[in-house]
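Numbering (the UniProt record's numbering), first residue to last: 20 to 698.
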Ligand code: BDP
């Protein structure tokens, strides 16, 4: 099925002259090395060429001394070698060369994974129908760690998963379907992902056993599949493992017995998986155990694991999503948005060199709109990693179209001013600002065992775009979108134009009919789908918007609120602190204002709410109409799948519109200037 192949569609090349040119190369694929990664590259090329050309491509190594040559810098000779020496670890070159024996394309990787990336890149060029006879490409990834986090549970469910069950687990064991996992590895590797953690950050009783001899052989099988695609395997671990698995009476990170236990355990893991990546840890958050139980800091906890992993060059991803979810907001002296910074900033410089702090993009929780976490750039002596959410928990759960690349671009381009102007988040996490030992980007995956991976077929674009941005955060939303459409749907210009504008507008459309002006939430408790102005499981007092009859918003200023703005550096602090300079879209994130407060747009807050909600519901309806114009321009399966979701979205957008508008009308008593229907 086309939806299963996602963006790895290798359509027959119809253009005779292009096809002729490609086949000159495709008829022989020669590899200078044998290794599982190089095999994967060859396999992918072979698979692609078989479906692109009528005459199956030749595949005999060395049969003809022309065609495509796969090689690492080490094995390449002459001038090619000298030039390739500028590559970084995962970098590669693609070079078309006319030799005495005929034309050749060299795919040269600094290491093997670079060769694989080069193969995927060459195929991308061919999918796009571009010429390949004078290629001269050098690519180095901007980010060193380009990760994905599965939130899969061993019972087969996926925390915040909206695309079926897990492809890894079922009934508290492994599915054993390594073919499916391999196809996932192909998708990930094709966009440059090089690390994956394969279980939920909430590590329950069963998953705690993943690091025991009963399950490690299975983890090793999965790791072998990913290894062949240049992807390292990581596990989320339970901080309290020494209690559950080791029979110890404590998990105190300073207890010698506990430390010895983790060292032994880690050694054991590496016996099964010699290139194991390391641990992801959620501690002291939402009922997970952690070092606070023992009056220890998060540096104590993380460093204990860091030391255990160090002999094997493993890493610890220690999550900064630490807050007191039981906090009662009658006490306004604390603010959830402050929590990560308050906990971690004082620990700067205390973390082991292989510990990386994994920081969610915002200080709250993956809302449709929130401020960027002030922790970025605030810890000069600590490895930092950005955590995004590809799975659409608060952004429509893959039932609504919400293309997140434009949101991620804003986050990456946000200037922290940590070292003056030009200290964007992307420069913090690519390591260029402070030169930390490790840095990068990670994200929660949006895939499951649905035949199209992501439930909503167009949500494939989020996974694609995420990967591309981790490779190169300077790619524009437009470039990424155009690539994805061409690779997924081919060259039809009408499809291209419609899908492009649908995707690029979808985030703002979703924002329009959901929670306004950065206030966030307003969703149903627990599952977080659909409108509920006061719902949220961790707040007994309505969600965090403090709406009453006079006004709305969270006062996070130093002057009169929680003081959260003080966590930013001067430029941003001043911008957010003042009502005059705080951007409209984050107004209610930073300020509590009367409904009649006038925005920079000239509208009052209440009128803005009404207008955006009416507009958003109309825009959602329009997405459906736009898609309907594509009937007959693609396979029926993908057409119908997307259509059915857009129908649902249009309906639910109206529900959002009515519930939100009515809520604020009843609170404020202020009428819509245009007298539209509010219930
Ligand atoms: C929230 C999710 C929750 C996750 C948590 C986390 O609602 O399911 O466990 O984040 O990131 O967004 O740990």
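Built from N, CA and C at the ideal position, the CB exists for glycine as well.
Can you tell me whether residue 332 is buried or exposed? The criterion is at least 16 other CB atoms within 10 Å of its CB, across all chains shown. As a first step, residue 332 is located in the chain shown; it is residue number 313 there, counting from the start. It is exposed - the Cβ of residue 332 has fewer than 16 other Cβ atoms within 10 Å.
Could you tell me whether any non-hydrogen atom of the ligand BDP is closer than 6 Å to the CB of residue 220? As a first step, residue 220 is located in the chain shown; it is residue number 201 there, counting from the start. Yes, since a heavy atom of the ligand BDP falls inside the 6 Å radius drawn around the Cβ of residue 220.
Taking residue 668 as the reference, which of 362, 691, 549 and 693 has the closest Cα? Mapped onto the chain shown, residue 668 falls at position 649. Ranking the options by Cα distance to residue 668, first place goes to 549.
Given that a residue counts as buried once 16 or more other Cβ atoms are within 10 Å of its Cβ, and exposed if not, what is residue 117? Working through the chain shown from its first residue, we reach residue 117 at position 98. Exposed.
Classification of residue 624 by the beta-carbon crowding that lies within 10 angstroms, buried from 16 upward: As a first step, residue 624 is located in the chain shown; it is residue number 605 there, counting from the start. With 16 or more neighbouring CB atoms inside 10 Å of its own CB, residue 624 falls in the buried class.
Where the alpha helix (DSSP H) containing residue 679 begins and where it ends: Start at 1 with the first residue of the chain shown, and residue 679 comes out as number 660. Its alpha helix (DSSP H) spans residues 655-687.
Among 193, 185 and 301, nearest to residue 223 - alpha-carbon criterion: One-based indexing of the chain shown puts residue 223 at position 204. The residue with the shortest Cα to Cα distance from residue 223 is 301.
Quick one: what does DSSP say residue 134 is sitting in, helix, strand or coil? Here residue 134 corresponds to residue number 115 of the chain shown, with the count starting at 1. If DSSP states are grouped into helix, strand and coil, residue 134 belongs with the helices.
Identify, in the order they occur along the chain, each residue of the same chain with its Cβ nearer than 6 Å to the Cβ of residue 423, setting aside the five sequence neighbours on each side. Counting from 1 along the chain shown, the entry for residue 423 is found at position 404. The answer, listed in chain order, is 481.
Tell me whether the beta-carbon of residue 185 lies closer than 7 Å to the beta-carbon of residue 220. Here residue 185 is taken as the residue at index 166 of the chain shown, counted from 1. Here residue 220 is taken as the residue at index 201 of the chain shown, counted from 1. No, Cβ-Cβ distance for residue 185 and residue 220 is not below 7 Å.
Is the region 96-110 touching the region 148-155 in the sense that three or more CB pairs, one from each, lie closer than 8 Å? no
Could you tell me the boundaries of the alpha helix (DSSP H) in which residue 606 lies? Taking the first residue of the chain shown as position 1, residue 606 is located at position 587. 606-609 is the extent of the alpha helix (DSSP H) around residue 606.
Return the chain-ordered list of same chain residues with a C-beta closer than 6 Å to the C-beta of residue 710, the five sequence neighbours on each side being excluded. What is shown of the chain runs 20 to 698, which leaves residue 710 out entirely.
Cutting at 8 Å between CB atoms, please list the residues of its own chain near residue 278, excluding the five before and the five after it. Against the chain shown, residue 278 aligns to sequence position 259. Within the same chain, residue 278 has close Cβ partners 272, 323, 326 and 327.
Under 7 Å between C-beta atoms of residue 288 and residue 295: Counting from 1 along the chain shown, the entry for residue 288 is found at position 269. Counting from 1 along the chain shown, the entry for residue 295 is found at position 276. Cβ atoms of residue 288 and residue 295: closer than 7 Å.
Alpha-carbon to alpha-carbon, residue 129 and residue 238: Here residue 238 refers to the residue found at position 219 of the chain shown. Here residue 129 refers to the residue found at position 110 of the chain shown. Answer to the nearest angstrom: the Cα atoms are 28 Å apart.
Looking only at its chain, what residues have a beta carbon closer than 6 Å to the beta carbon of residue 615, apart from the 5 residues adjacent to it on each side? By 1-based counting over the chain shown, the position of residue 615 is 596. These residues qualify, in order along the chain: 623.
Leaving out five residues on either side along the sequence, give the residues of the same chain with a beta carbon under 7 Å from the beta carbon of residue 392. In the chain shown, residue 392 corresponds to position 373, counting from 1. 359, 378, 379, 380, 381 and 382, listed in sequence order.
Once DSSP output is grouped into helix, strand and coil, what is the label at residue 31? If you number the chain shown from 1, residue 31 lands on position 12. Of the three classes helix, strand and coil, the one that applies to residue 31 here is coil, per DSSP.
Any idea which residues DSSP pairs residue 166 with across the strands? Locating residue 166 in the chain shown gives position 147, where the first residue counts as 1. Its beta-bridge partners are 214.
Taking residue 28 as the reference, give the member of 202, 603, 576 and 461 with the closest Cα. Position 9 of the chain shown, counted from the first residue, corresponds to residue 28. Of the candidates 202, 603, 576 and 461, the one whose C-alpha sits nearest the C-alpha of residue 28 is 202.
Note the first and the last residue of the continuous beta strand (DSSP E) segment covering residue 155. Here residue 155 refers to the residue found at position 136 when the chain shown is read from its first residue. Its beta strand (DSSP E) spans residues 155-158.
Suppose the cutoff is 7 Å on Cβ atoms and the five residues either side in sequence are ignored; what does the same chain contact list for residue 121 look like? On the chain shown, position 102 is the one that residue 121 refers to. Here the set comprises 85.
Can you tell which of 612, 57 and 371 has the C-alpha that lies nearest to the C-alpha of residue 402? Taking the chain shown and counting its residues from 1, the one referred to as residue 402 is at position 383. Distance from the Cα of residue 402 is smallest, within the candidate group 612, 57 and 371, for 371.
Quick one: residues in its chain with C-beta nearer than 6 Å to the C-beta of residue 282, no 5 flanking neighbours on either side, listed in chain order? Residue mapping note: residue 282 aligns to position 263 of the chain shown, counting from 1. 327, listed in sequence order.
Just checking residue 179 against the ligand BDP - is the residue's beta carbon closer than 6 Å to any of the ligand's heavy atoms? Taking the first residue of the chain shown as 1, we reach residue 179 at position 160. The answer is yes for residue 179.
Under 8 Å, with one C-beta from each stretch per pair, do the region 593-611 and the region 525-541 reach the 3-pair mark? Taking 8 Å as the limit for Cβ pairs, the verdict is that the region 525-541 does touch the region 593-611.
Going by the CB atoms, is the gap between residue 212 and residue 167 shorter than 7 Å? Numbered from 1 along the chain shown, position 148 holds the residue referred to as residue 167. Numbered from 1 along the chain shown, position 193 holds the residue referred to as residue 212. Yes, Cβ-Cβ distance for residue 167 and residue 212 is below 7 Å.
Closer than 6 Å: is that where the CB of residue 363 sits relative to any heavy atom of the ligand BDP? Within the chain shown, the letter at position 344 stands for residue 363. Answer for residue 363: no, Cβ out of range of the ligand BDP.
Beta carbon of residue 384: closer than 6 Å to some heavy atom of the ligand BDP? Taking the chain shown and counting its residues from 1, one reaches residue 384 at position 365. Under cutoff, so the answer is yes.
Count the other CB atoms, across all protein chains shown, that sit within 10 Å of the CB of residue 260; report buried if there are 16 or more and exposed otherwise. Position 241 of the chain shown, counting from 1, holds the residue named residue 260. So residue 260 ends up on the buried side.
Within this structure, are the beta carbons of residue 530 and residue 387 separated by less than 7 Å? As a working mapping, residue 530 is identified with position 511 in the chain shown. As a working mapping, residue 387 is identified with position 368 in the chain shown. Cβ atoms of residue 530 and residue 387: closer than 7 Å.
Using the rule of at least 16 other Cβ atoms within 10 Å of the residue's Cβ for burial, across every protein chain shown, is residue 685 buried or exposed? What you label residue 685 is simply residue 666 of the chain shown in a count that begins at 1. Exposed, by the Cβ-count rule.
Roughly how many angstroms separate the alpha carbons of residue 444 and residue 492, rounded to a whole number? As a first step, residue 444 is located in the chain shown; it is residue number 425 there, counting from the start. As a first step, residue 492 is located in the chain shown; it is residue number 473 there, counting from the start. Between residue 444 and residue 492, the C-alpha separation is close to 10 Å.
Measuring straight from C-alpha to C-alpha, what distance separates residue 714 and residue 429? Residue coverage of the chain in this structure runs from 20 to 698, which leaves residue 714 outside it and unanswerable.
Do residue 476 and residue 22 have their CB atoms nearer than 7 Å? Taking the chain shown and counting its residues from 1, one reaches residue 476 at position 457. Taking the chain shown and counting its residues from 1, one reaches residue 22 at position 3. Closer than 7 Å, so yes.
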